[in-house]
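The numbering used here applies: residue -1 is where the sequence shown begins, and numbers increase by one. The beta carbon of each residue, even a glycine, is placed where N, CA and C say it ideally should be.
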Amino acid sequence: MFIVSGGNKLQGSVRLSGAKNSVLPILAASLLNRGESLIENCPDLSDVQASMEILCHLGCVVKKDGKTIYIDSRPMNRCDIPDELMRKMRSSVIFLGPILARTGCVDMCMPGGCELGSRPIDLHLAAMRKMGANVDDSGGAVKCSSLKLRGAEINLSFPSVGATENTMLAACLAEGDTVITNAACEPEIEDLQNYLCAMGAKVYGAGTSTVVIKGNYELHDAVHSVVPDRIVAATYMSAVCSAGGCVTIENAVPAHLKAITEVLSAAGCVIKEMPLGIVIESYNRPKAVPHIRTAPYPGFPTDAQAPVMAALLKAEGASVFVETIFENRYRHVGELMRMGADIRTEGRAAVVFGVENLGGAVMECTDLRGGAALVVAALGAEGESRICELKHIDRGYDSLEKDLKNMGAAIKRVEI
Ligand code: EPZ
């Protein structure tokens, strides 16, 4: 449990760890080169631990030394992921493409839904079929086989991050070229491309909606450093807006945070962009932001919706959120209302009526970013808050309370 005493302004500087949503596909991609990889700047997260367990299960040698993970994927000798490992982390579906490409077979259970919604993988499976795989997704399992994947033209009906990544990984070992149109443009896709190219793959266009992969190149050992986590940066920016103060986020990439910067500037924060890093200041009561609509990158990221909502609970006026990516991503609202927040949700929309003050409360994390939102709100509330079910937060933040404490927040983790 976190115990947070609100009211302290935040000061000082903080460094971001590597991005969760980049290191997870990169660890899966390490299967492709039948060789050694050294992945640096890895965050220390339970989802990273789960990925390492899957790589070990598949036969790889995996070692973690601080923020660096060493993988030797030469000894890989299986193509299945057992249910208990799949259930630990639904984004294990990102292993589907590389396992299929490397071994010609896959046997895993459906990842299943999570707190955010049903989380289908139809786009992933359609892409594998397009590349020539036999895919049987009946009965809650996913069994694929293919003698040799063939490059294909794959248009995604939705710019799915995971489907883009799975297709890129499968295409690296396919015969011929693959062109992905309507691909997701998130910075983590570009980071994955950089790692694949470091292995000797020929991948172009990541970060735009058209990604080209020339298949069947001999891949070799690679070293790669993971890009800083822009959603953790958005969380810390939200914390400054909520509690007030002035914080430097040393290794933030301003270009990755444009949509967040736009919203928090509209709320009255002063944000200075540096070549590498940003400084964010907030000294007055935030102003409401009338329309925040989540969208695929470079739009406002769905992962920042909950933390930014928490930052606007005491804003002057009403803020309106529209969550267009996931069907059930307002589970943090009920918990925030325990602090006296005034929020109305209707389907994909949520209206936040700013209140003068929030009071500390006992709350439970409902999901990863929803949990971070509770911390952001507690920093700006009067009195003490107690936040439980931290396993959700530990999936995506490897030093939340340490970083916030270094910025002057009164927060501590106690075992219950
Ligand atoms: C990635 O999930 C991230 N996870 C999510 O971050 C993030 O919220 C999401 O992208 C959107 O940016 C990782 O990178 C590990 P999608 P992913 O495929 O790949 C629908 C966090 O908090 N869809 O872009 O699963 C899907 O239902 C997590 O760090 C299909 O319909 O996201 C959803 O509505 C949460 N069919 C939408 O697309 C498919 O085959 C976006 O999903 C795939 C997706």
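Worksheet item: So, is G369 buried or exposed, given that buried needs 16 or more other C-beta atoms within 10 angstroms?
Response: buried
Worksheet item: Which runs of the beta strand (DSSP E) spanning at least 3 residues fall entirely within the stretch 262 to 304, listed in chain order?
Response: 268 to 272 and 275 to 280
Item to complete: Using only the heavy atoms of the ligand EPZ, determine whether one of them is closer than 8 Å to the beta carbon of L114.
Response: yes
Worksheet entry | Counterpart residues of R411 in DSSP-defined beta bridges | F0
Discussion item. Just to check my reading of the structure: C244 and E279 have Cβ atoms closer than 8 Å, yes? What is that Cβ distance to the nearest angstrom?
Written reply: 4 Å
Fill in: A182 Cβ short of 8 Å to the ligand EPZ heavy atom set
yes
Worksheet entry | From I211, Y328, A169 and V251, residue whose alpha carbon lies closest to that of V225 | V251
Discussion item. Quick check: does the Cβ of A161 come within less than 8 Å of any heavy atom belonging to the ligand EPZ?
Written reply: yes
Item to complete: Check N153 in the structure and name its three-state DSSP category.
Response: strand
Worksheet item: Between E314 and the rest of its own chain, which residues show a CB-CB distance below 8 Å, the 5 nearest in sequence each way excluded?
Response: R283, P284, K285, A286 and G352
Discussion item. Whole angstroms are fine: how far does the CA of K212 sit from the CA of Q191?
Written reply: 12 Å
Worksheet item: Taking all protein chains shown into account, do 16 or more other C-beta atoms lie within 10 angstroms of the C-beta of F324, making it buried, or fewer, making it exposed?
Response: buried
Practice prompt. Out of Q47, R346, S71 and L53, point me to the one whose CA is closest to Y217's CA.
Written response: The sequence shown places Leu at residue 217, rather than the Tyr named in the question. The shortest Cα separation from L217 among Q47, R346, S71 and L53 belongs to S71.
Discussion item. Please classify P294 as buried or exposed, where buried requires at least 16 neighbouring CB atoms within 10 angstroms.
Written reply: buried
Practice prompt. Compare the Cα-Cα distances from A348 to each of F93, I258, L311 and I276 and report the closest residue.
Written response: L311
Fill in: Same chain, Cβ closer than 8 Å to V350, five either side skipped, listed in chain order
A286, M307, L310, L311, A313, A316, S317, V318, F319, A339, D340 and I341
Worksheet item: Okay, do the stretch 131 to 138 and the stretch 169 to 181 touch, 3+ Cβ pairs below 8 Å being the bar?
Response: no
Practice prompt. Going by CA-CA distance only, name the one from L29, D63 and K65 that's closest to N75.
Written response: L29
Discussion item. Using C-beta distances below 6 Å, list every residue in its chain close to T179, excluding the 5 sequence neighbours before and after it, in chain order.
Written reply: N153 and T208
Item to complete: State the Cα-Cα distance for the pair R299 and K65, rounded to the nearest angstrom.
Response: Before going further, note that residue 299 is Pro rather than Arg in the sequence given. Taking the straight line from one Cα to the other gives about 26 Å.
Discussion item. For chain D, check one thing: does any of its Cβ atoms lie closer than 9 Å to the Cβ of A150?
Written reply: The chain inventory of the structure shown lacks chain D, comprising one protein chain alone.
Fill in: Whether V416 touches F93 by CB criterion (9 Å)
For the chain, the structure presents residues -1 to 414; residue 416 sits outside this window and is missing.
Discussion item. When you compare the CB positions of T246 and V21, do they come within less than 9 Å of one another, or not?
Written reply: no
Fill in: Three-state class that DSSP yields for A63 in the structure shown
Ala is not the amino acid found at residue 63; the sequence shown has Asp there. Of the three classes helix, strand and coil, the one that applies to D63 here is strand, per DSSP.
Worksheet entry | 8 Å contact criterion, which M129 and R100 should meet: CB distance rounded | Not really, about 14 Å apart at Cβ, beyond 8 Å.
Worksheet item: Taking Cβ to Cβ, would you say G95 is nearer than 9 Å to L167?
Response: yes
Worksheet item: Does DSSP put E344 in a helix, a strand or coil?
Response: strand
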